[in-house]
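This report concerns only the one structure given below.
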Amino acid sequence: MRNEALHIANGIINAQVSLAFAVLAGLAVALCLTRARRDLDDRLIPMAGLVAAFVFAAQMLNFPVGPGVSGHLLGGALAAILVGPWVGALCVTVVLVVQALIFSDGGLSALGLNVTNMALVGTAAAYFVVAGLLRVLPRTPGGLAVAAFLGSVIATVAASQAFMFQFFLGGDVALSGTTFGAMALSMAGIHLLIGVGEGVIAALTVGAVAKARPDLVFALRGLRRPPAAAPAMAGGVA
Amino acid sequence: MKRTSWFIAGGLLVSLLLAGVLSNFASASPDGLESALHEGCVLAEDGTIVGGDCVARRAGEHELAGPFADYSVTGVESPFLGTAVAGGVGVLLTFAVGGGLFWLVRRPSRRTPAGPAGQPES
């Protein structure tokens, strides 16, 4: 039997803060939608659907990170590399919405919190790390895999600390047996390990796609088609 | 284009196998967030809180309890089959919702394939 709850449930963060993050997440998703329009073409649309489906599948695969503790992929780094940051954040959002509506995973009142942490903060953090690394790393399957690994580690820890920020604002409960600082540190530590696990999965996935179909990888687009000379460059990657 | 369709189909197949089969072998331990929220509580074998105080005590019920709640299928006895069906449904549904959303929001100008000769529609 698998553990069935992966995301923030109802009641953990108070209603006001949950609502505030729902509004924030709604605005950010709207921004992603307008930016995603620029990137979405006939090639990217099915790829984006596939990335969402793959992230859904991968989130079901909890791997052990310590005694009695597991973790699962969030997906932001993988999505940012394969379909770009805007579409990638939307892919993770779609996964979280499907999970909340169909699989009762992550409270509906907590959807804004979950979207903020995993789809927005996670993908944004991963994107900045990956974009920075790709300035120095080679744009090869190996280079992308390294970027995916480090992006995943940072993004997972960032998402865990985004939760701690929400908990700081709206977790109005007296902690017993632990302090806020200890909890934040423990969250960061566990999610560092989870990030390593996610990083391995993301690196393998991104490396495999970049090897098989470099033309479908968003992060390789700059190489694939400089505005006019696309055909001449098409074979240059791999 | 056809090659891309095969690639997408292959990726979907991998996702279906991950969510439908491999997920049954996933760790059943609480994830990082859940275990942090359970700090301070005493848990029974099956993960229910039996004593102590922790943040997770405040967790409320989910608003919806559909047929696929908690990645199982109502009425299906076997947990293996339940997870397999729920995982498969989830992958296909996520692909459909994601693909549909992205198809809807793309720029209308790109809806007609601009072939080299500007092939007209119809």
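Here the protein sequences line up with chains G and U, keeping their order.
Take the first sequence: its letter number 130 is residue 401 in my numbering, and every next letter is one higher.
Take the second sequence: its letter number 15 is residue 21 in my numbering, and every next letter is one higher.
Glycine included, each C-beta is placed from N, C-alpha and C at the ideal position.
Give me the chain U residues within the contact set of residue 400 (chain G), using Cβ-Cβ distance strictly less than 7 angstroms, ordered along the chain.
Working through the first sequence from its first residue, we reach residue 400 (chain G) at position 129. Going along chain U, no residue has its Cβ under 7 angstroms from residue 400 (chain G), so there is no contact; the nearest lies around 20 angstroms.
Note down, in chain order, all residues in the stretch 84 to 105 of chain U with a beta-carbon under 9 angstroms from any beta-carbon belonging to chain G.
Listed by position along the chain: 85, 89, 92, 93, 95, 96, 97, 98, 99, 100, 101, 102, 103, 104, 105.
Sorted by chain position, which residues of the same chain lie with C-beta nearer than 7 angstroms to residue 288 (chain G)'s C-beta, five sequence neighbours on each side aside?
Taking the first sequence and counting its residues from 1, one reaches residue 288 (chain G) at position 17. Contacts found: 437, 440, 441.
May I have a chain-ordered list of the beta strand (DSSP E) segments no shorter than 3 residues that lie completely inside the stretch 350 to 425 of chain G?
Counting only runs of 3 or more, we get nothing.
Check whether the Cβ of residue 14 (chain U) lies closer than 8 angstroms to any Cβ atom in chain G.
Taking the second sequence and counting its residues from 1, one reaches residue 14 (chain U) at position 8. Closer than 8 angstroms to some Cβ of chain G, the Cβ of residue 14 (chain U) qualifies, so yes.
Which residues of chain G have a Cβ atom closer than 8 angstroms to the Cβ of residue 45 (chain U), listed in chain order?
Counting from 1 along the second sequence, the entry for residue 45 (chain U) is found at position 39. Here the neighbours are 448, 449, 454, 457.
Is the beta carbon of residue 307 (chain G) sitting closer than 8 angstroms to the one on residue 358 (chain G)?
Taking the first sequence and counting its residues from 1, the one referred to as residue 307 (chain G) is at position 36. Taking the first sequence and counting its residues from 1, the one referred to as residue 358 (chain G) is at position 87. Yes; because the gap between Cβ atoms is below 8 angstroms, this pair is in contact.
Residue 331 (chain G) CB to nearest chain U CB: under 8 angstroms?
Position 60 of the first sequence, counted from the first residue, corresponds to residue 331 (chain G). Taking Cβ atoms only, chain U reaches closer than 8 angstroms to residue 331 (chain G), which makes this a yes.
What span of residues does the alpha helix (DSSP H) with residue 38 (chain U) cover, start to end?
In the second sequence, counting from the first residue as 1, residue 38 (chain U) sits at position 32. Start and end: 38 to 43.
How would you write the range of the beta strand (DSSP E) that residue 341 (chain G) sits in, first residue to last?
Within the first sequence, the letter at position 70 stands for residue 341 (chain G). That run of the beta strand (DSSP E) goes 340 to 342.
Could you give the residue range of the beta strand (DSSP E) that holds residue 442 (chain G)?
On the first sequence, position 171 is the one that residue 442 (chain G) refers to. That residue, residue 442 (chain G), is in no beta strand (DSSP E); it is neither H nor E in DSSP.
Hey, would you say residue 248 (chain G) sits closer than 8 angstroms to residue 377 (chain G), going by beta carbons?
What is shown of chain G runs 272 to 509, which leaves residue 248 (chain G) out entirely.
Quick one: what does DSSP say residue 120 (chain U) is sitting in, helix, strand or coil?
For this step, residue 120 (chain U) is matched to residue 114 along the second sequence. In this prediction, residue 120 (chain U) scores a pLDDT of 49, lower than 50, which makes its location untrustworthy; no coordinate-derived value is stated.
Could you give the uninterrupted runs of the alpha helix (DSSP H) lying entirely in the stretch 59 to 127 of chain U, keeping only those of 4 residues or more?
Qualifying alpha helix (DSSP H) stretches, in chain order: 85 to 111.
From the beta carbon of residue 348 (chain G), is the nearest beta carbon of chain U less than 8 angstroms away?
Start at 1 with the first residue of the first sequence, and residue 348 (chain G) comes out as number 77. For residue 348 (chain G), the answer is no, since every Cβ of chain U falls outside 8 angstroms of its Cβ.
With DSSP as the reference, label residue 48 (chain U) as helix, strand or coil.
Taking the first residue of the second sequence as 1, we reach residue 48 (chain U) at position 42. Looking at residue 48 (chain U) - three-state DSSP - the assignment turns out to be strand.
Given a threshold of 16 other Cβ atoms within 10 Å of its Cβ, counted over all protein chains shown, does residue 364 (chain G) qualify as buried or as exposed?
On the first sequence, position 93 is the one that residue 364 (chain G) refers to. Burial call: buried.
What are the partner residues of residue 55 (chain U), as DSSP defines its beta bridges?
In the second sequence, counting from the first residue as 1, residue 55 (chain U) sits at position 49. DSSP lists U:49 as partners of residue 55 (chain U).
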